[in-house]
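Asks: After the structure tokens below, expect a handful of questions from me.
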Amino acid sequence: MMYLTRKIEFSASHLYHNPALSAEENRRIFGKCNNPHGHGHNYTLEVTVAGEPDPVTGMVLDLKELKAILEREITERMDHRFLNYEVAELKGQIPTCENIARVIWKLLEPKITQGRLHKVRLYESADIFAECYRNGASHA
Amino acid sequence: MSDDLKIVFGRRYRFAASHRLHSEKLSDEENCRVYGKCNNPYGHGHNYVVEISVSGTVDPATGMIVNLTDLDSFVQGEVIEAFDHKSLNEDVGVFRATVPTTENLCKEIYQRLKHFPLAKLERVRVEETSNNAFEYAGEEIQDRVAVH
Numbered sequence: 042m043m044y045l046t047r048k049i050e051f052s053a054s055h056l057y058h059n060p061a062l063s064a065e066e067n068r069r070i071f072g073k074c075n076n077p078h079g080h081g082h083n084y085t086l087e088v089t090v091a092g093e094p095d096p097v098t099g100m101v102l103d104l105k106e107l108k109a110i111l112e113r114e115i116t117e118r119m120d121h122r123f124l125n126y127e128v129a130e131l132k133g134q135i136p137t138c139e140n141i142a143r144v145i146w147k148l149l150e151p152k153i154t155q156g157r158l159h160k161v162r163l164y165e166s167a168d169i170f171a172e173c174y175r176n177g178a179s180h181a
Numbered sequence: 041m042s043d044d045l046k047i048v049f050g051r052r053y054r055f056a057a058s059h060r061l062h063s064e065k066l067s068d069e070e071n072c073r074v075y076g077k078c079n080n081p082y083g084h085g086h087n088y089v090v091e092i093s094v095s096g097t098v099d100p101a102t103g104m105i106v107n108l109t110d111l112d113s114f115v116q117g118e119v120i121e122a123f124d125h126k127s128l129n130e131d132v133g134v135f136r137a138t139v140p141t142t143e144n145l146c147k148e149i150y151q152r153l154k155h156f157p158l159a160k161l162e163r164v165r166v167e168e169t170s171n172n173a174f175e176y177a178g179e180e181i182q183d184r185v186a187v188h
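Protein sequences appear in the order of chains A and B.
Every number in this note's numbering is 41 more than the matching position in the first sequence, counting from 1.
Every number in this note's numbering is 40 more than the matching position in the second sequence, counting from 1.
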């Protein structure tokens, strides 16, 4: 099995706030991330696709095609956006790294038809990230 | 959520420490041959990076597997305070009897963090320099972890 990874970056703003909790609880749980005006990050997304290289082309999938899928599904949707208000798939969720990674998985999985989506890793900063993959999949 | 997806949260920490690679089971000559510059009797240091990955249920109320502040304070207490600006050989008990290679350091950090009560420890990655990295995921699942 071959694993290939493509990386993209996007910049977006967000805030953490649960309307079911009191203002005080929101501040206690989310700290600075609860600032009502929001704040932003430069996100880095690594998308890993697993598959066997095609015997004719030598490719699991054409990187140009993966690049176009990521541009269409992720960059256009999330880059320079306020994630809470402008990304429909995140409506009703706190836009943490964990939740964004899951949304990204669900957006990409049906679009990747050569090979299969193996792992999504989303960095919010150099020191904080979340991963999403199928239960039982190897960590490659 | 009921889908079949696993979510892992990762966090990187840093500490600086010195060590000397020297095995009591080897002669001075063998130590010098095996460990080279790392056998310098005065030791040397690194800026270590530790990457911790934990898994669990994403709480719908918070969007989190674990609150960063809880993970930070656990890692701070168990690892960073014990190792930062220390001599691994002299100041960390286990390395009096074990050579503080980054393999052994990675395992020791895993042992110290595996009892984290708020999420499941998935793996520990230690970067000794920007060119050397080691990962450990515990023995029981080691055979199905492909490390890259």
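Here a beta-carbon is modelled for each residue, glycine too, at the ideal position from N, C-alpha and C.
Report yes or no: is there a C-beta of chain B within less than 9 Å of the C-beta of A:Glu-139?
Replies: Interface residue, yes.
Asks: Among the residues of its own chain, which have a CB less than 6 Å from the CB of B:Leu-158, if the five just before and after it don't count?
Replies: For B:Leu-158, where only same-chain residues beyond five positions count, the Cβ hits under 6 Å are Val-106 and Asp-110.
Asks: Give the residues of chain A in contact with B:Ala-101, contact being defined as C-beta atoms less than 9 Å apart.
Replies: Ordered by position in chain A, the residues that pass the 9 Å Cβ test against B:Ala-101 are Asn-59, Ala-61, Leu-62, Ile-70 and Ile-135.
Asks: Compute the beta-carbon to beta-carbon distance between A:Ala-53 and A:His-121, rounded to the nearest angstrom, for a pair I have assumed lies under 8 Å.
Replies: That pair is a contact at about 7 Å.
Asks: Using beta-carbon positions only, say whether A:Glu-139 and B:Gly-133 come within less than 9 Å of one another.
Replies: Not a contact, by the Cβ cut-off of 9 Å.
Asks: Kindly confirm or deny that the segment 84-92 of chain B and the segment 160-173 of chain B touch, where touching means at least three C-beta pairs closer than 8 Å.
Replies: Yes, the segment 84-92 of chain B touches the segment 160-173 of chain B.
Asks: Find the nearest neighbour of B:Tyr-53 within the set B:Asn-171, B:Asp-124, B:Asn-172 and B:Asp-131, judged by alpha-carbon distance.
Replies: Cα-wise, what sits closest to B:Tyr-53 is B:Asp-124.
Asks: What are the start and end residues of the beta strand (DSSP E) that includes A:Ile-141?
Replies: Segment 138-149 is the alpha helix (DSSP H) holding A:Ile-141; no beta strand (DSSP E) there.
Asks: Taking 9 Å as the CB-CB limit, is B:Thr-109 close to chain A?
Replies: So yes, B:Thr-109 belongs to the interface.
Asks: Beta strand (DSSP E) containing A:Leu-163: first to last residue?
Replies: 157-166 is the span of the beta strand (DSSP E), which, as asked, contains A:Leu-163.
Asks: Could you give the uninterrupted runs of the beta strand (DSSP E) lying entirely in the segment 48-96 of chain A, keeping only those of 3 residues or more?
Replies: Listed in chain order, the complete beta strand (DSSP E) runs (minimum 3 residues) inside the segment 48-96 of chain A are 80-92.
Asks: Would you give the residue range spanned by the alpha helix (DSSP H) that B:Thr-109 belongs to?
Replies: Taken as a continuous stretch (DSSP letters only), the alpha helix (DSSP H) holding B:Thr-109 covers 108-115.
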